[in-house]
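Following: one structure in structure tokens, then a few remarks.
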Amino acid sequence: MSQYLTELRCTESIAREAGKRIESERRAGFSISLKGKNDLVTNVDRSIETFIRAQLHALFPGDYVVGEEHGEDGPSEAKTTRTWFVDPIDGTLNFATGVPLYCVSIALQIDGQTCVGVIYEPSRDELFSARLGHGAWLNGQPIEVSEQPALCDAVLVTGFPAQRTEEFDRTLEQFATLTRESRGVRRLGSAAIDLAYVASGRLDGFWEYGLNAWDTAAGYLMVNEAGGLVTDLSGSPYTAHEPSMLATNTKIHEAMLRILTPSA
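If you count by this note's numbering, then the sequence shown holds residues 3 to 266, one letter each, in order.
Okay, structure coming up:
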């Protein structure tokens, strides 16, 4: 029963402390720069990732850490089977513009399987967490996906790739179609929050292209442990390095898949 419990509790503590630091640095002021066209980064993203990496390496010195801002680091010997995926601020544009929808996302994979996932929203003091085979929680209380059976009554959420690519245009078209076919589609600006909200039953389904493992690893586990279903956009089993995702309460999955990927 205690499998991965130490890792979960440590991750929850690190995420909470990272969140406190984010809010402190936000109040103190921060700088903004561009990583690429339409892709912002702040000095807070970088400092928080540095903090999280230091904590993980101190607690789990044999593990690899992969983060959005600083890439991969770990022991110089043969690769460990344990890898942490870190997004210090998922929702940087929201953070930079004062929209209180951003989070810390941390997940642990062992032998390619996500075992621990934590998503912390500091502005709302909401800590979402999941442990493989043991469930998912919001501030310590169990969460489950919604029971919404019909796409026409479902509330969905999506995100758009930072770069204005073919996938950006495809998402716009799908956004329009699913807005007509559902009760509504939201765009929150943080894939990790989107997934946490599907896991907790606040939203019924999520899809997006152009994702990275640090965006999705924690939320993927959360939705699964809350009773949902996660695949790629062809309907195949999702893996951490798959750039597209569909996550639902299971009941609307096939209906969404038929619209998003007609040939699936």
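Beta carbons: idealized from backbone N, C-alpha and C, even for Gly.
Run of the beta strand (DSSP E) containing residue i, from where it starts to where it stops
| i | result |
| --- | --- |
| Leu-129 | 128–133 |
| Glu-123 | 115–123 |
| Ala-98 | Per DSSP, Ala-98 belongs to no beta strand (DSSP E); it is in the alpha helix (DSSP H), 94–99. |
| Ser-15 | First-last for Ser-15: 7–30, but that is the alpha helix (DSSP H), not the beta strand (DSSP E). |
| Leu-235 | Note, Leu-235: premise wrong, no beta strand (DSSP E); not H, not E. |
| Ala-249 | 247–250 |
| Tyr-66 | 66–69 |
| Gly-137 | 137–140 |
| Ser-107 | 105–112 |
Member of the options whose CA lies at the smallest distance from the CA of residue i
| i | options | result |
| --- | --- | --- |
| Ala-56 | Ser-26, Ile-34, Thr-13 | Thr-13 |
| Leu-110 | Val-120, Gly-186, Trp-86, Leu-129 | Trp-86 |
| Pro-239 | Gln-115, Ala-228, Ile-24, Arg-18 | Gln-115 |
| Arg-172 | Asp-196, Asn-141, Leu-197, Gly-212 | Gly-212 |
| Gly-207 | Gln-5, Phe-97, Arg-166, Glu-149 | Glu-149 |
| Gln-165 | Leu-36, Leu-7, Arg-18 | Leu-36 |
| Val-88 | Thr-181, Ala-242, Ile-261 | Ala-242 |
| Glu-175 | Ile-261, Thr-94, Leu-95 | Ile-261 |
| Ser-33 | Gly-142, Ala-17, Thr-99 | Thr-99 |
| Glu-169 | Asp-196, Glu-227, Ser-246 | Ser-246 |
| Ala-17 | Pro-90, Val-67, Gln-143, Asp-196 | Pro-90 |
| Ser-15 | Gly-142, Val-200, Val-101 | Gly-142 |
| Ser-4 | His-59, Gly-135, Gly-64, Leu-61 | Gly-135 |
| Gly-137 | Asp-65, His-59, Glu-227 | Glu-227 |
Nonlocal neighbours in the same chain, by C-beta distance under 6 Å from residue i, ignoring five residues either side
| i | result |
| --- | --- |
| Ala-80 | The predicted position of Ala-80 is uncertain, since its pLDDT is 47 and thus under 50; no value can be drawn from it. |
| Ser-202 | Leu-140, Ile-145 |
| Pro-124 | Gly-21, Ile-24, Glu-25 |
| Ser-78 | Residue confidence is low: Ser-78 scores 46 on pLDDT, short of 50, so the model does not pin down where it sits. No coordinate-derived value is stated. |
Same chain, Cβ closer than 7 Å to residue i, neighbours up to 5 away in sequence not counted
| i | result |
| --- | --- |
| Leu-10 | Val-118, Ser-131, Arg-133 |
| Ala-220 | Ser-107, Ile-108, Ala-109, Gly-119, Val-120, Ile-121, Ala-194 |
| Phe-53 | Ala-20, Arg-23 |
| Ala-198 | Ile-121, Phe-130, Gly-221, Met-224 |
| Leu-153 | Glu-183, Ser-184, Ile-254, Ala-257, Met-258 |
| Leu-180 | Leu-158, Val-187, Ile-261 |
| Phe-177 | Thr-160, Val-187 |
N- and C-terminal bounds of the alpha helix (DSSP H) containing residue i
| i | result |
| --- | --- |
| Val-46 | 45–61 |
| Ala-257 | 255–262 |
Contacting residues, own chain, Cβ-Cβ under 8 Å from residue i (five flanking each side not counted)
| i | result |
| --- | --- |
| Asp-155 | Ser-184, Arg-185 |
| Gly-229 | Glu-146, Val-147, Asn-251, Thr-252 |
| Thr-263 | Leu-235, Ser-236, Gly-237 |
| Arg-28 | Val-46, Phe-97 |
| Thr-94 | Leu-42, Val-43, Thr-44, Asp-47, Tyr-104 |
| Thr-8 | none |
| Pro-336 | In the structure as shown, the chain begins at 3 and stops at 266. Residue 336 is therefore absent and cannot be evaluated. |
| Thr-167 | Gly-212 |
Rounded distance between the beta-carbons of residue j and residue i, thought under 8 Å
| i | j | result |
| --- | --- | --- |
| Leu-235 | Leu-248 | 6 Å |
| Ser-192 | Asp-127 | Rounded, the Cβ-Cβ distance is 16 Å, inconsistent with contact. |
| Trp-216 | Gly-31 | With 8 Å as the limit, Trp-216 and Gly-31 do not qualify as a contact, their Cβ atoms being about 26 Å apart. |
| Leu-103 | Leu-190 | 5 Å |
| Val-157 | Arg-188 | 7 Å |
Short CB-CB distance (under 8 Å) between residue i and chain B
| i | result |
| --- | --- |
| Leu-235 | In summary, chain B is missing from the structure at hand, where a single protein chain is found. |
| Completely contained alpha helix (DSSP H) runs for the region 147–222, where each covers 4 or more residues | 168–183, 193–201
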